[in-house]
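In the working numbering, the protein residues as written are 13 to 663. Positions of the beta carbon are idealized from the N, C-alpha and C atoms, including for glycine. A quick note: this is a predicted structure, and the numbers were derived from the prediction, not measured. A quick write-up on the structure given underneath.
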């Protein structure tokens, strides 16, 4: 454990104040690149040096990556005692509470987790059942709206009351049916983690008091991303002792579309009267030119804490703005610039990031990067958990753990093909809906009553035997990896991979996903000392793929939302046009301030070089259309747009 003087050594005045102010509510406004993670971890170590037991400290952040980084830094500062600090994401904190107190909130012990892909499939099924065509309600739009409802603590009955038109009513009906599906399937989605935890603390004073007594000091990272249920959970724990420190930056609040409420950080001093406030304003990442550009843009937002970043690095290269003909020329110029700098050995590929506003923009860059033989990675591409073979095997495990998980059962019932056709499945689903039962239970009843066709009956028998054998192994706490290997063999999944991917090399790459599940099971079992299938599945669902964390020498191509929290030596901020950034939909909806914060996030990712581009024309709906420079470029220069300029809402 480092001494007090060792801990505080090297902190600037503002950082020092944030660390040593330990009693009562404290708002730490941490501008981009100002060392907030360092402050949070040193503050935690300082509390322990002051005699606070590590088990009395709760440290919550938003991503597993951030939580891992904090735990590692704490270990270096405090040694093995750091393990006793509760440090994790909101979701990991909540699921532990839900598992411990599942009976109090009406959940079975072995409830399943419905991830984003399962959620989408379930919503599609509810829309079909409601006879609502996907042309009327896009399932992904419904998924986003339902998630936003939950993150705003709006229940289905409230959604009906708030509905303003037929579309809103269809969404509310889908939301209602989706919640019924979750209850019937004994699964919860990620938003439910928060809602169930809030209900647990609201309705069980003994649990709330237990947490209040245990967590005497609470710290929340990225507070600007907090939504309503997260706020209510934390408030329930700290409302009496008020030892809460929140760290964040209202200028980097860019997730309003998924429920983050910027008013939580703007209103902290009203929520906690007498709260202290510290502003970390010294940026240790970027040159003064980059910081000046960021300050010029963000000062145009009215809903923010008044503040201004300053650079510790000093002066560097000028910020550049480049006008290009179209997106093809944009990609060509940037790729040429990267090759030129790398060719002169002025930089490595890993020093470059290309940041876009939308998920469609990277396509032109991918084409040009490949053509130029420039290695790159697209962050936000297919997740490990979205691969077919990974989803298939996890669905088998979910059904073993929770036979009521209808989405998982329907995925595996004829995968690999075992003679159970669509007609049979449709009949079973109709009967299940009519009787209010799960599809697996109805399949079993129909099989036992000899109501299935011969091929379907034989197929279901093979499936049931494989699931039963695995279930017996799980119940006996046998080796989880061995159980998995036997299941994979029993269902002949090797043949499924060979069938789907005839090319041997592709099949081998795909099979690596199955091997990775086995590796995960081995690591889980070794770490936890038990073969608990439910715990294994929950840990897998909460885990983040770290494929984006490698340090290979490649250019990074990503959206601005994905770039938050990262930094790169050289940044290309592209597509700075009205309608893209700010986005047209956001302009129409009156969310220009969030778009401006997104611009601010993009600018402050750059350490030494920042080049911003805009096109004079861009292909839209198959036609080349004229573009107008983003208003943020004019703000950066302190100038008004020209008379013929057209705002995003009108493009």
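{"Asked": "Closer than 8 Å by C-beta to residue 165: which residues in its own chain qualify, once you throw out the five before and the five after it? Chain order, please.", "Found": "207, 210, 240, 241 and 244"}
{"Asked": "To which residues of the same chain is residue 30 closer than 6 Å at the C-beta, ignoring the five residues directly before and after it?", "Found": "40, 51 and 290"}
{"Asked": "Return the CA-CA distance between residue 453 and residue 519, expressed in angstroms with no decimal places.", "Found": "34 Å"}
{"Asked": "Can you give me the C-alpha to C-alpha distance between residue 32 and residue 288, rounded to a whole angstrom?", "Found": "12 Å"}
{"Asked": "Figure out for me which residue from 508, 530, 475 and 505 has the closest Cα to the Cα of residue 491.", "Found": "530"}
{"Asked": "Just checking, does the stretch 93-109 make contact with the stretch 535-546 on the three C-beta pairs under 8 Å criterion?", "Found": "no"}
{"Asked": "Around the C-beta of residue 173, are 16 or more other C-beta atoms found within 10 angstroms, so that it is buried, or is it exposed?", "Found": "exposed"}
{"Asked": "Determine the burial state of residue 13: buried for a count of at least 16 other Cβ atoms within 10 Å of its Cβ, exposed for fewer.", "Found": "exposed"}
{"Asked": "With 8 Å as the threshold, decide whether the Cβ of residue 465 is near any Cβ in chain D.", "Found": "The structure shown has no chain D; it contains just one protein chain."}
{"Asked": "Leaving out five residues on either side along the sequence, give the residues of the same chain with a beta carbon under 8 Å from the beta carbon of residue 549.", "Found": "124, 125, 406, 409, 410 and 413"}
{"Asked": "Is the beta carbon of residue 572 closer than 8 Å to that of residue 644?", "Found": "no"}
{"Asked": "Check the DSSP bridge columns for residue 641 and list the partner residues they point to.", "Found": "589"}
{"Asked": "Starting from the C-beta of residue 641, find all residues in its chain whose C-beta is less than 6 Å away, skip the five residues before and the five after it, and write them out in chain order.", "Found": "626"}
{"Asked": "Starting from residue 390, follow its DSSP beta bridges and name the residues at the other end.", "Found": "569"}
{"Asked": "Would residue 295 and residue 43 be called neighbours here (beta carbons separated by less than 8 Å)?", "Found": "yes"}
{"Asked": "Inspect the beta-carbon positions of residue 623 and residue 327 and report whether they are closer than 8 Å.", "Found": "no"}
{"Asked": "Taking C-beta to C-beta, are residue 433 and residue 468 nearer than 8 Å?", "Found": "yes"}
{"Asked": "Taking only three categories from DSSP, how would you classify residue 5?", "Found": "Residue 5 lies beyond the residue range present for the chain, which begins at 13 and ends at 663; the question has no answer from this structure."}
{"Asked": "Please identify the residue among 307, 112 and 162 whose C-alpha is closest to the C-alpha of residue 223.", "Found": "112"}
{"Asked": "Could you check which residue in 77, 46 and 96 has the C-alpha nearest to that of residue 67?", "Found": "96"}
{"Asked": "Taking DSSP's pairing of strands, which residues face residue 72 in a bridge?", "Found": "100 and 232"}
{"Asked": "Which two residues bound the contiguous alpha helix (DSSP H) that contains residue 455?", "Found": "451-460"}
{"Asked": "CB-CB under 6 Å to residue 343, same chain, minus the five flanking residues each way: which ones, in chain order?", "Found": "376, 377 and 380"}
{"Asked": "Around the C-beta of residue 652, are 16 or more other C-beta atoms found within 10 angstroms, so that it is buried, or is it exposed?", "Found": "exposed"}
{"Asked": "Which runs of the alpha helix (DSSP H) fall wholly inside the stretch 211-285 and span at least 4 residues, in chain order?", "Found": "217-226, 240-250, 275-278 and 280-283"}
{"Asked": "Measure the alpha-carbon distance for residue 663 versus residue 335 and round it to whole angstroms.", "Found": "18 Å"}
{"Asked": "Starting from the C-beta of residue 256, find all residues in its chain whose C-beta is less than 6 Å away, skip the five residues before and the five after it, and write them out in chain order.", "Found": "37, 230 and 250"}
{"Asked": "What number of angstroms, rounded off, separates the C-alpha of residue 558 from the C-alpha of residue 167?", "Found": "At residue 558 the pLDDT is 45, less than 50, meaning the model places this residue with poor confidence; the figure from the coordinates comes in the next sentence. The straight-line gap from Cα to Cα measures roughly 34 Å."}
{"Asked": "Considering only the beta carbon of each residue, do residue 194 and residue 201 sit closer than 8 Å?", "Found": "yes"}
{"Asked": "Three or more C-beta pairs closer than 8 Å, one from the stretch 580-595 and one from the stretch 353-368: is that the case here?", "Found": "yes"}
{"Asked": "Tell me whether residue 296 sits in a helix, a strand or coil according to DSSP, three-state version.", "Found": "coil"}
{"Asked": "With a Cβ-Cβ cutoff of 8 Å, do residue 262 and residue 316 count as a contact?", "Found": "yes"}
{"Asked": "Taking 6 Å as the limit between beta carbons, can you name the residues of its chain near residue 359, skipping five residues before and five after?", "Found": "353"}
{"Asked": "Alpha carbon to alpha carbon, what distance is there between residue 355 and residue 560?", "Found": "Because the pLDDT at residue 560 is just 48, under 50, the model does not fix this residue reliably, and the point stays unresolved."}
{"Asked": "Does DSSP put residue 472 in a helix, in a strand, or in coil?", "Found": "helix"}
{"Asked": "Find out if the Cβ-Cβ distance for the pair residue 45, residue 298 is shorter than 8 Å.", "Found": "yes"}
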